[in-house]
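Undergrad:
Structure, rendered in structure tokens:
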């Protein structure tokens with residue numbers, strides 16, 4: 002699964018800093034709910050590309066939605082993003098459709 006979000010250009014440095022110290026409980030919750038090989042990539046203009054491997058993306062998102070640690074993380078991180086309609090990056094991710102894959 003690959004998705005897009007947009008980080009506010011004036012918050013890029015702090016966004017990077019926060020992700021150098023993701024809470025251990027948040028990392029564990031991601032693992033437990035099926036988020037594997039998860040990476041975030043950020044351009045200098047704020048385009049955020051996320052990539053993860055999971056058996057069921059909807060189930061992985063739903064599992065995180067049930068976690069208090071995720072609610073706290075999403076609340077703290079919401080201010081970093083542009084144009085969050087729902088107020089949470091978890092629900093505003095724009096999934097990309099795979100058009101080619103090379104094994």
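In the numbering used here, the protein residues as written are 2 to 104.
Glycine included, every Cβ here is placed at the ideal spot set by N, Cα and C.
Can you tell me whether residue 36 is buried or exposed, with buried defined as 16 or more other CB within 10 angstroms of its CB?
TA: As a first step, residue 36 is located in the chain shown; it is residue number 35 there, counting from the start. Its Cβ being crowded by 16 or more others within 10 Å, residue 36 is buried.
Undergrad: So residue 51 packs on residue 81, CB below 8 Å; how close in whole Å?
TA: Within the chain shown, residue 51 is the residue found at index 50, counting from 1. Within the chain shown, residue 81 is the residue found at index 80, counting from 1. In fact, because the Cβ distance is near 14 Å, the residues do not count as touching under 8 Å.
Undergrad: So residue 37 is in the beta strand (DSSP E); what residue range does that whole segment cover?
TA: For the purposes of this step, residue 37 is taken as residue 36 along the chain shown, with counting starting at 1. Residue 37 -> beta strand (DSSP E) spans 37 to 43.
Undergrad: For residue 101 and residue 90, I'd like the C-alpha separation in whole angstroms.
TA: For this step, residue 101 is matched to residue 100 along the chain shown. For this step, residue 90 is matched to residue 89 along the chain shown. So the two alpha carbons sit approximately 26 Å from each other.
Undergrad: Which residue comes first and which comes last in the beta strand (DSSP E) that contains residue 51?
TA: By 1-based counting over the chain shown, the position of residue 51 is 50. Per DSSP, residue 51 belongs to the beta strand (DSSP E) from 48 to 54.
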